[in-house]
Structures are given as structure tokens and as C-alpha cells.
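Quick notes on the structure that follows.
In this note's numbering, the protein residues as written are 1 to 714.
Listed below in C-alpha cells is the structure:
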């Protein structure tokens, strides 16, 4: 028999009574593909809990999702944007806390049966139940990722999680937003049992029929007892956590320190005070500019997942793929194709050594997962079997897409196009991973130019989330949509950009890097430059980035951009001196920094100053250094938007954040420009143009924006 709660809109919660005296409380948000918690549900939950309390025949509750492959994906972020004040957001938090408190205080056992994602508010809901059982499916993941939105778990998560998994594990989960797989959740004590999906409900029912489970004392190692079992040890844990957070965030993100404060209050004072501090901090964080920008990124990427390469053009299915070149990029592209897209991939290289390198790249990454017990050895073998290699074009005749990852040489790339057209199907897409050569030039001699497209990955491919999709004038809409869909299957966030030298990401990065080099030649130290830009919010400084990418690569891309786009892309002549001295960066163990086994920590190679004939003076302020580099990037980003290189400001922000690590808490170059104000940026660029030359001149589109008082997001 099924009874539904009544309310103005269809309830997301349905009580389904079973013959064994239990009832299933089924959560199924009407019209949504996944369950998310909304503020209006509080009334629905209150009603259904009242109904349960009023029925003495119900001996226990099994909380289960009505969605096929997910439990609860978290809270609905839109309701936070609707909060006008911090007090409103605090009230939302208190509402969630009180609701889950009612659930926890039920006289009868409430068991959560979890399959699929159980995240954020979903995990807070599950933790309020008396026990949890989850499936062993790879789809099952448990976590509190609120910190990634500049928030903290606001419905009791900061108080309940430490009690279940311990203070250190709870802080690790909440401060990073990391998700636990089923096996990890069981080991941590987050769930009471893990079973195959086929017996999930039966197991949960058996737990409920056994009565309210008694709270078991958590198994603690001697070290855990020393650190968590007394106030002195806990002080060490909290201080170390704060120290680690500040080292990583440079104080730019307020949420992590507030998470630590919530846990500390609950442990050192009382649960009631812990809940109150959690609600207050949650309210404050919702109204911070950092959280607003991180939520903007969340909404942008969510929208992008729903979009096709070309509206109304359905992608063709990619059943088999190929990669040309077994280097670092080729190996990475093959890896994400096999492991994320689950598509068989064939690597062609001129030597067996190249193929072996590519295979080893994938093997090493998967083997790490096996060693950490994150993956079964059999699953690793299954994924590795999808990657094969060849030194000729055997096995290429039925491929749907071939991604080229060879040297930045136009003749070589044109030859690759001809080879693919000769050895593959007439419909095979040729995707070039070039970082600077225009796709139109690569396709210039193609018999089927409509199949040629740019698919630019960022290194390392397995970690960097962005892919630039570059269509030249003759690329077909079908090719664009299919390539975008393929990149998404590989786990990438793709942005479609216009075919012009440098595309978007490298084009806005180049002026930023060049300006850092100019500042170095003016007498700012390498250490100061890198530290300043890291403190601004970039993951690494420009000099370290140049070492990582390769100083020779930077020197090679510069002239290409200068020839196509103008003298503002002129690279400082000092690069030639570095190359003549054999300073190619990290790969040659010689660059701006010292390398080798004896070098224990990051250390500048002081001998570089002699090569460049400069003596570091360090006259400029941190603000001037960061602004000179970043404003050059903003100016070029506006040019790209004006020229239609990117489709909109949103794509430009996502491209900069995911491609070059533009500080996420600033929302991307266009959000940041809106925050600083176009008029202020123009005024500053004009001052620098008068001091340092034409490269600082603000572009026409930026000047016009300033004059008209417009913003990028209107």
C-alpha cells in the first residue's frame, strides 16, 4: 500500500509501507534527473515524519532514492543565490539542521540505503540516519564537496562526520571535498555495510528489523588516540590543519578555516555550540564574493555539459579512436580515451619505443590506483587492453577519429592529414592537438577539410580539465558537435574557439608571461615574481610555469603569435641568451630553478642573473607586479571576445580557469574585469603605456566598454 503526503506541489517524499512492518521512505524529486535538497522540502519532510510517528505499526524506515543511479547529489545551489542576506542563509542552515535532528531522534530505526552519488546535503541526510548501507558499485561515491563552492556543510555535516570517521579524516574530506568510494567509506566507518546492488534493500531492511543499532566506539590507532583523544592532541591537529590550509590557499578562500572552526567548536565545547557556529559560518560564506564566483563556475560548467558543439546538430558516435605520436601528450590522450571515454584507442608512432612510452604512461597512472586499492587489478588490465600500438597504419581503417599529437611542424602535420585520409574512412575526423598553428593551414592541402578540426589538450592531459575545440572555416558542424561530445566523454570541459594563432588560452597567457619576463629584466627577482603571482591566486608563478612547459616552447610560440597578431606579442630578446646557455627548463634540469637529486626544495638558480646580465633590485610593489601581468591578460581576453575567438565571456572565464589556473575565487578574467571596472583597467593601462610602451595600450573594445560603462556580464 502506498500513501503520499499532500502539499501544494507533488511531494518528493513517498512513504511505501511493506508487509514486514517496515516502510520505505522514497525520495524522488519530480521532474529532475537527480535528487537535490530544496528548502521547500522541509514542510514535506516534516509532514512525512509526523505521519511515521503517528503510525505505531511502522517498526522501522529505510530511506531510499527513487532515482535509478543516484542517492542525493546535494542541495539545490539555486536556493543559496536567492538569499538576500547572511541571516537568510543562516536560517536555511538551521532549518536543515533541525530537520535532520528530528530524523536522528526518531524512536524507530532509520537506515539509509545508498546507491550512486551521496554528496553534500545528501550525505548529511544519510549521516542523520541511524545506520548506512551502500552498494559496491563504482557509481557510489560519498563526500562533502561544499568547500569547492566556497561553502561548508550546513546541515550538521561538520558535527556528525567527525563522530563517524574521526577528526583527521573528517577534516581531510571537508577541506578537500574529496569523495570516498564504497570500499573507502566502509573502511573509514562512514557506512556500516557495503553490498551488491541486488541486495541493497534487503540488507537495509534486515538492519532496520534488528532495531536501532547501538553506537560502536570507533577503532582508533595509538596515534589517533594521542591526537584525537585529548585536548592537547586535538590542538595539534587543528593547528596543523590551519597551517596546511593557509599554505595552500594563501588566505584567499575563507571556507576552509571556518570548517576547522566548526569542527573545533563541536569537539572542544558542545554539540549545540558546534551547530550554531556551523549555521552562522554557513550564512556568512554564502554572501562572500569568493563563494559567489565559485558558484558561478559551477553553474557555467553545468550549463556547458548540456550544450552541443553546434546547437541542433547531434554528434556521431565515436566507437574507435587513434592517436598519432606516443609522446607525453599522445600517451595522455590515449589514456583518457581508454579510461574515461571507454573507447578503444590505437597509437601510431614511428618507433616501438614511442608506443612503449605511451603504454607505460597509462600503466603507471592505473597502477597507482591499484596500489592504493582504488581499483582492482583486473579492472586495470581491462582498461589497458583498450590501448594498442602500431608503427604503421594497421588497424586505422575503421577509426572514427584520429588525434594528432606530433611536433609543432606544419609540413609534418599536413602529411599526417594526408596519411589519415589515405588509410582511414572518408568520415574519419582528423583532430590536431596543435597549441599554436592555425587549423586552416593544417587543413590547407586536405582532400576533406570538413573533417579537420583542432582539439587542443593541456598538459598533463589526465589532470587538466580543459580542451579547446578549434574549427577552421571549412570544418563541418557535424565534425564540431562530434568532437565536442568526444572531449566530454574523455572527462574534459570543451570550449569552442575560432581559428587564429594561439587560439584563446595561449593567446591570453602569452602577454602575461611576456610581462613577467619584462619585469625580470627590469630587476625583479624570479622568486619575488613567482611568489607575487601565486599570492595573487595562480597555482604556480610565471617563471616556474615557463620551466615546466619548456623555455624553448615559449620561444617557439612567441614568433608565431607575433607574426599573426602583431608586435605586442614580441618576446623579450633575453630568451635567446637562455637557450644559448642550454636552459630549456625542467626537462633539461636547467632553467630558472635548480634541479637534481641534491636539490631538496624549490630553489632559484642564481647563475641565471649573470646570463641575463641583471642584478635583482626588487623596486616594485606586489600589486604593481601582479596588475601589470594580469591586466595584460585582461586586455587580450577582451580582444578575443571582440574578435569572436570565444563565443561568450562565460567560455572565456572557464577557459582561463581550467586551462591556465586563473584564480577561481576571482571568477575568471571577465568576472574579474567586471569587479575591477573597465574604466579603472583602461586608466591604468594608459599610464603604463606612457611609461613602458605601446604593448600596454588598451584595445578599442575595452576602451569602448569603459566609455559606455558596460560590463562583460550584463
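Idealized CB from N, CA, C, for every residue including glycine. Note that the coordinates shown come from a computational prediction; the quantities given were computed from them, not determined experimentally.
Relative to the C-alpha of residue i, which residue among the options is closest?
{"i": "residue 602", "options": "610, 398, 543, 576", "result": "543"}
{"i": "residue 317", "options": "481, 215, 157, 528", "result": "481"}
{"i": "residue 38", "options": "260, 80, 64, 14", "result": "80"}
{"i": "residue 248", "options": "23, 40, 531", "result": "531"}
{"i": "residue 304", "options": "466, 503, 471, 199", "result": "466"}
{"i": "residue 64", "options": "197, 697, 536", "result": "197"}
{"i": "residue 622", "options": "608, 580, 662, 525", "result": "525"}
{"i": "residue 245", "options": "258, 84, 234", "result": "258"}
{"i": "residue 637", "options": "655, 624, 627", "result": "655"}
{"i": "residue 438", "options": "502, 149, 495", "result": "502"}
{"i": "residue 673", "options": "53, 129, 570, 701", "result": "701"}
{"i": "residue 627", "options": "619, 600, 681", "result": "681"}
{"i": "residue 436", "options": "458, 415, 420", "result": "458"}
{"i": "residue 407", "options": "390, 395, 350", "result": "350"}
{"i": "residue 151", "options": "442, 262, 418, 18", "result": "262"}
{"i": "residue 103", "options": "82, 94, 127", "result": "127"}
{"i": "residue 676", "options": "631, 664, 689", "result": "631"}
{"i": "residue 187", "options": "203, 177, 169, 202", "result": "169"}
Would you report the Cα separation of residue i and residue j, rounded to the nearest angstrom?
{"i": "residue 373", "j": "residue 326", "result": "28 angstroms"}
{"i": "residue 377", "j": "residue 218", "result": "30 angstroms"}
{"i": "residue 2", "j": "residue 279", "result": "Unreliable positioning characterises residue 2 in this predicted model, as indicated by a pLDDT of 40, which lies under 50. The coordinate reading is nonetheless provided below. Approximately 36 angstroms, taken between the alpha carbons."}
{"i": "residue 6", "j": "residue 51", "result": "Reliability fails at residue 6, whose pLDDT of 38 lies under 50, so the model's placement of it is uncertain and the value that follows must be treated cautiously. Distance between the alpha carbons of residue 6 and residue 51 is about 11 angstroms."}
{"i": "residue 575", "j": "residue 555", "result": "7 angstroms"}
{"i": "residue 131", "j": "residue 62", "result": "10 angstroms"}
{"i": "residue 558", "j": "residue 143", "result": "44 angstroms"}
{"i": "residue 271", "j": "residue 91", "result": "18 angstroms"}
{"i": "residue 707", "j": "residue 462", "result": "43 angstroms"}
{"i": "residue 324", "j": "residue 405", "result": "6 angstroms"}
{"i": "residue 652", "j": "residue 629", "result": "18 angstroms"}
{"i": "residue 211", "j": "residue 96", "result": "26 angstroms"}
{"i": "residue 713", "j": "residue 683", "result": "21 angstroms"}
{"i": "residue 190", "j": "residue 535", "result": "36 angstroms"}
{"i": "residue 4", "j": "residue 14", "result": "Confidence is the limiting factor: at residue 4 the pLDDT is only 39, short of 50, which leaves the residue's position unreliable, though a coordinate-based value still follows. Residue 4 and residue 14: Cα-Cα distance of roughly 5 angstroms."}
{"i": "residue 42", "j": "residue 12", "result": "11 angstroms"}
{"i": "residue 720", "j": "residue 667", "result": "Residue 720 falls outside the range modelled here, since the chain spans only 1 to 714, and no answer is possible."}
{"i": "residue 648", "j": "residue 507", "result": "16 angstroms"}
{"i": "residue 658", "j": "residue 539", "result": "11 angstroms"}
{"i": "residue 450", "j": "residue 515", "result": "38 angstroms"}
{"i": "residue 89", "j": "residue 153", "result": "12 angstroms"}
{"i": "residue 711", "j": "residue 537", "result": "23 angstroms"}
{"i": "residue 477", "j": "residue 442", "result": "18 angstroms"}
{"i": "residue 396", "j": "residue 19", "result": "59 angstroms"}
Give the range of the alpha helix (DSSP H) segment to which residue i is assigned.
{"i": "residue 612", "result": "607-612"}
{"i": "residue 432", "result": "Premise fails: residue 432 lies in the beta strand (DSSP E), 429-432, not in any alpha helix (DSSP H)."}
{"i": "residue 167", "result": "167-176"}
{"i": "residue 550", "result": "Run containing residue 550: none; DSSP gives neither H nor E here."}
{"i": "residue 489", "result": "477-489"}
{"i": "residue 153", "result": "Neither: residue 153 is in no alpha helix (DSSP H) and is coded neither H nor E."}
{"i": "residue 384", "result": "377-384"}
{"i": "residue 332", "result": "328-339"}
Give the C-beta separation of residue i and residue j to the nearest angstrom, bearing in mind that I take them to be a contact with Cβ-Cβ under 8 angstroms.
{"i": "residue 21", "j": "residue 71", "result": "The Cβ separation is near 24 angstroms, so there is no contact."}
{"i": "residue 308", "j": "residue 484", "result": "7 angstroms"}
{"i": "residue 119", "j": "residue 184", "result": "Not quite, the Cβ-Cβ distance comes to about 14 angstroms (not below 8 angstroms), so this is no contact."}
{"i": "residue 611", "j": "residue 593", "result": "Contact flag wrong, Cβ pair sits at about 14 angstroms."}
{"i": "residue 497", "j": "residue 387", "result": "Going by Cβ atoms, the distance from residue 497 to residue 387 rounds to 29 angstroms, so no, they are not a contact pair."}
{"i": "residue 584", "j": "residue 552", "result": "5 angstroms"}
{"i": "residue 529", "j": "residue 519", "result": "6 angstroms"}
{"i": "residue 705", "j": "residue 669", "result": "Actually they do not touch by this definition, with Cβ atoms about 13 angstroms apart."}
{"i": "residue 392", "j": "residue 428", "result": "The Cβ separation is near 16 angstroms, so there is no contact."}
{"i": "residue 113", "j": "residue 49", "result": "With 8 angstroms as the limit, residue 113 and residue 49 do not qualify as a contact, their Cβ atoms being about 18 angstroms apart."}
Along the chain, where does the beta strand (DSSP E) containing residue i start, and where does it finish?
{"i": "residue 135", "result": "131-135"}
{"i": "residue 61", "result": "60-65"}
{"i": "residue 452", "result": "452-457"}
{"i": "residue 402", "result": "401-404"}
{"i": "residue 193", "result": "193-195"}
{"i": "residue 17", "result": "13-17"}
{"i": "residue 346", "result": "345-348"}
>> With three or more C-beta pairs closer than 8 angstroms as the rule, is the segment 404-412 touching the segment 381-393?
In response: no
> Can you find at least 3 beta carbon pairs, one from the segment 489-497 and one from the segment 511-529, that sit closer than 8 angstroms?
Replying inline: no
>> Contact between the segment 527-546 and the segment 415-426 is defined here as three or more beta-carbon pairs at a separation below 8 angstroms; is this criterion met?
In response: no
>> Is it the case that the segment 101-110 contacts the segment 168-178, given that we only count it when at least three CB pairs across the two stretches are under 8 angstroms?
In response: no
>> For the structure I just gave you, are there three or more beta carbon pairs, one from the segment 144-160 and one from the segment 207-223, closer than 8 angstroms?
In response: no
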